[in-house]
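Chains as they are written, first to last, in our numbering: chain R, 89 to 273; chain L, 89 to 273.
Notes follow once the structure below has been shown.
Protein chains: 2
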Amino acid sequence: MIPATKERIIESAIKVFNDDLSAPLQKIADNADVTRRTLHRYFKDRNELVTVCERAMEVSCKKAMIAAIQSSDHALTQLESMLYAGIDCGAKYSFFYKLHQRKEHNHNNQNKNCADYDYIYRHFNHIIVELQQNGKVNTDMSTEWIQILHSGIVQSTVNAQETTSKSDKEIKELAWTSYMKAIAP
Amino acid sequence: MIPATKERIIESAIKVFNDDLSAPLQKIADNADVTRRTLHRYFKDRNELVTVCERAMEVSCKKAMIAAIQSSDHALTQLESMLYAGIDCGAKYSFFYKLHQRKEHNHNNQNKNCADYDYIYRHFNHIIVELQQNGKVNTDMSTEWIQILHSGIVQSTVNAQETTSKSDKEIKELAWTSYMKAIAP
DNA sequence: ATTGTATGTCTCAAATTTGAGAAATATTTA
DNA sequence: TAAATATTTCTCAAATTTGAGACATACAAT
């Protein structure tokens, strides 16, 4: 059982690191409403914190994605759930996505995380191809592009949640409508 | 006339700061292929560099946006040009957009930059409303949401340019097609 | 009330980052 | 080529960030 404080530090760290990987740890401590000393009690050093964040984010994000895939056997519903899962994971999703995209990252399917990433994106591809065969998705668009679009919509929806006055539900519906229409034939 | 080196430093700084505002200056120097010493000759300190970046990015991004607006008097063409301008500005666009969105930013239309930002977004809104009246854009979507979507598509297209094998032209076309279909009635 | 655990405060040394001087080298311009 | 300018290299002190010890407080569980 992970203590609530530790959890809070990880959450803040994910949020802060997400657009400022070199941010001073003080910034994360402030954000989590703890002293820097407390942060250092939970994490040996910056490196460990980053690693833990990556793992935490991978785990929760992967879990949500896999659940989304398994929530239905209709490809369209699966895709919709994946979009919502991404939005719900918030900053974690961008982190997750970035992580496996950046050039320093040496992809390696022996690694459990990479294997899961592969699992998710194989399924994603599978869903898209199926929808294309059913004539529900534009065949002029590569799955590669649709993946980019998918993550773009997730990201901007997450950002939007912070600035807009709309309810989460409304925003998600807008996101899904826009996405679906964008990739429709 | 700004020296090429200074220009290069600013470019790198915008790129690096864009997802790591606290990055060590060494990282920017490396990216710009100069020594940290050279960087320090052009910029008194980190703060000055950040300020100069903001200004540079505002100027070039604004110029491109305004040019896009004025490039045509067909609303749809204007919107398309604005999307491409955003993509061409690359990292600058996200920076520009973020800058005026973050809560520390105190919007103030006495400020020339804010005034220009307002000018651009007034026009953007105008274009959307006009397209909605012509039945070319979905009236269920607020301009607020369309703006979010717009910047989301720009951002992910810029990211995509770095990872994908597709040509810039192809990607831009995909972006525009997806965007237009997403907001169509 | 007492014990144990978690967090905060204050402190400090080590590590890193920052900004700049001085002289050597490279590059441009006349 | 010579002079002028820009950049690099090496160096160093100041500032900031990092990680941790020692002890004080707060708070929950028994």
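Note that beta-carbon positions come from the ideal geometry of N, C-alpha and C, so glycine has one too.
These figures come from a predicted structure and were not determined experimentally.
Secondary structure at residue i, three-state DSSP: helix, strand or coil?
i, result
"residue 108 of chain R", "strand"
"residue 180 of chain L", "helix"
"residue 220 of chain L", "helix"
"residue 278 of chain R", "Residue 278 of chain R cannot be examined here, being either before or after the span of chain R that is shown, 89 to 273."
"residue 118 of chain L", "helix"
"residue 150 of chain R", "helix"
"residue 94 of chain R", "helix"
"residue 226 of chain R", "coil"
"residue 161 of chain L", "coil"
"residue 255 of chain R", "coil"
"residue 274 of chain L", "For residue 274 of chain L there is no data in the structure shown, the boundaries of chain L being 89 and 273."
"residue 102 of chain L", "helix"
"residue 266 of chain L", "helix"
"residue 261 of chain L", "helix"
Work out the CA separation of residue j and residue i for me, nearest whole Å.
i, j, result
"residue 273 of chain R", "residue 220 of chain L", "22 Å"
"residue 144 of chain L", "residue 132 of chain L", "16 Å"
"residue 227 of chain L", "residue 206 of chain R", "39 Å"
"residue 244 of chain R", "residue 236 of chain L", "6 Å"
"residue 168 of chain L", "residue 176 of chain L", "12 Å"
"residue 126 of chain R", "residue 250 of chain R", "28 Å"
"residue 256 of chain R", "residue 149 of chain R", "19 Å"
"residue 253 of chain R", "residue 233 of chain L", "11 Å"
"residue 231 of chain L", "residue 215 of chain L", "10 Å"
"residue 241 of chain L", "residue 138 of chain R", "28 Å"
"residue 134 of chain R", "residue 229 of chain L", "43 Å"
"residue 106 of chain L", "residue 223 of chain R", "39 Å"
"residue 162 of chain R", "residue 218 of chain R", "10 Å"
"residue 94 of chain L", "residue 109 of chain R", "25 Å"
"residue 128 of chain L", "residue 104 of chain L", "17 Å"
"residue 262 of chain L", "residue 266 of chain R", "15 Å"
"residue 121 of chain R", "residue 136 of chain R", "20 Å"
"residue 274 of chain R", "residue 124 of chain R", "Residue 274 of chain R falls outside the range modelled here, since chain R spans only 89 to 273, and no answer is possible."
"residue 112 of chain L", "residue 204 of chain L", "31 Å"
"residue 147 of chain R", "residue 225 of chain R", "30 Å"
"residue 258 of chain R", "residue 160 of chain L", "34 Å"
"residue 213 of chain L", "residue 172 of chain R", "28 Å"
"residue 165 of chain L", "residue 247 of chain L", "24 Å"
"residue 260 of chain L", "residue 141 of chain L", "26 Å"
"residue 174 of chain L", "residue 96 of chain L", "20 Å"
"residue 238 of chain R", "residue 92 of chain L", "38 Å"
List the residues of chain R whose Cβ lies closer than 9 Å to the Cβ of residue i, in chain order.
i, result
"residue 243 of chain L", "240, 243 and 244"
Which chain L residues are close to residue i, counting only those with a beta carbon under 7 Å from its beta carbon?
i, result
"residue 232 of chain R", "252"
"residue 107 of chain R", "107"
"residue 229 of chain R", "262"
What is the residue span of the alpha helix (DSSP H) that residue i lies within?
i, result
"residue 246 of chain R", "231-251"
"residue 272 of chain L", "Where residue 272 of chain L is concerned, there is no enclosing alpha helix (DSSP H), given that its DSSP letter is neither H nor E."
So residue i contacts chain L; which residues on that side make the cut at Cβ distance below 9 Å?
i, result
"residue 112 of chain R", "110"
Which residues of chain R have a Cβ atom closer than 7 Å to the Cβ of residue i, listed in chain order?
i, result
"residue 272 of chain L", "269"
"residue 170 of chain L", "Under the 7 Å cutoff, chain R gives no residues; its nearest Cβ is about 16 Å from residue 170 of chain L."
"residue 237 of chain L", "244 and 266"
If the cut is a Cβ gap below 8 Å, which residues of chain R does residue i touch?
i, result
"residue 248 of chain L", "233 and 236"
Please determine if the region 92-101 of chain L and the region 112-125 of chain L are in contact, where contact requires at least 3 C-beta pairs separated by less than 8 Å. Verdict: yes, contact present.
Take every Cβ of the region 207-219 of chain R, pair it with every Cβ of the region 150-163 of chain R, and state whether three or more of those distances are shorter than 8 Å. Under the 8 Å Cβ criterion, the region 207-219 of chain R counts as touching the region 150-163 of chain R, having at least three qualifying pairs.
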